[in-house]
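The block underneath contains the structure these notes are about, expressed in structure tokens.
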Amino acid sequence: MFSLVDEEPLMKVFGLFGEEAIEIAKILMETTETTDDDIATKTEIRLNDIRKILYKLYSYSLIGLRRTRDKNTGWFIFHWRLQPDQLEGFILNKKRRMIEKFETRLEYEKNHDFYYCFTAGCRQIPFEEAMEVLFQCPVCEKSLIHFDNDQIIDAITKKIDQIQKELIE
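Following numbering that gives the first Met the number 0, the numbering of the sequence shown begins with 0 at its first residue and continues without gaps.
Following this line, the structure appears as structure tokens:
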């Protein structure tokens, strides 16, 4: 039904919400509007799980809804639809948040000296913490050695640049 929607980015975005969200997206792409009961019938996903996913997607404006009232029971019926025009905004917003997180991590990496015992399962320790433990790994008790994090700084910087270029395009 939504032939104007590029299926690949839609599936990637819905994939952020799990495999069941991808199944729901496929059903929503087949029609202009459908109910949660119809989705449950077509996917064999539990109705409660479908509703949780739909409300989560709705909270990000990736899908919309129309409410009607059942004349017999008086209950509301929710008719769900894709909102493909919101997809680009969602992706841009996620990329901006990623940049913020990478920039925070980059500042942390730049402003700290790290020490490491080079043992699998142990972590890098900032200088202040390494001093407190007398440069002994708190996990394996090996000596802590200065860790050069220039490669990490370079990788984070490149990732920020890459995402910023994608935002400009």
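Beta carbons: idealized from backbone N, C-alpha and C, even for Gly.
Values in this document were obtained by computation on a predicted structure and should not be read as measured data.
From the DSSP output, in three-state form, read off isoleucine 76 for me.
Locating residue 76 in the sequence shown gives position 77, where the first residue counts as 1. Here isoleucine 76 sits in strand by DSSP.
Leaving out five residues before and five after phenylalanine 89 in sequence, what residues of the same chain have Cβ atoms less than 8 Å from its Cβ?
Numbered from its first residue, the sequence shown carries residue 89 at position 90. Hits under 8 Å: Val12, Tyr59, Ser60, Leu61.
So, is glutamine 82 buried or exposed, given that buried needs 16 or more other C-beta atoms within 10 angstroms?
Locating residue 82 in the sequence shown gives position 83, counting from the first residue. It is buried - the Cβ of glutamine 82 has at least 16 other Cβ atoms within 10 Å.
Which residues in the same chain have their Cβ closer than 8 Å to the Cβ of lysine 94, if we skip the five residues on either side of it in sequence?
For this step, residue 94 is matched to residue 95 along the sequence shown. Within the same chain, lysine 94 has close Cβ partners Ile162, Glu165, Leu166.
What is the residue span of the beta strand (DSSP E) that tyrosine 114 lies within?
For the purposes of this step, residue 114 is taken as residue 115 along the sequence shown, with counting starting at 1. Start and end: 113 to 115.
Check whether chain D comes within 8 Å of phenylalanine 101, counting only Cβ atoms and requiring the distance to be less than that.
Given the protein chain composition of this structure (a single chain), no chain D is represented.
Give the straight-line distance between the Cα atoms of leucine 91 and asparagine 71, rounded to the nearest whole angstrom.
Walking along the sequence shown from the start, residue 91 turns up at place 92. Walking along the sequence shown from the start, residue 71 turns up at place 72. About 44 Å.
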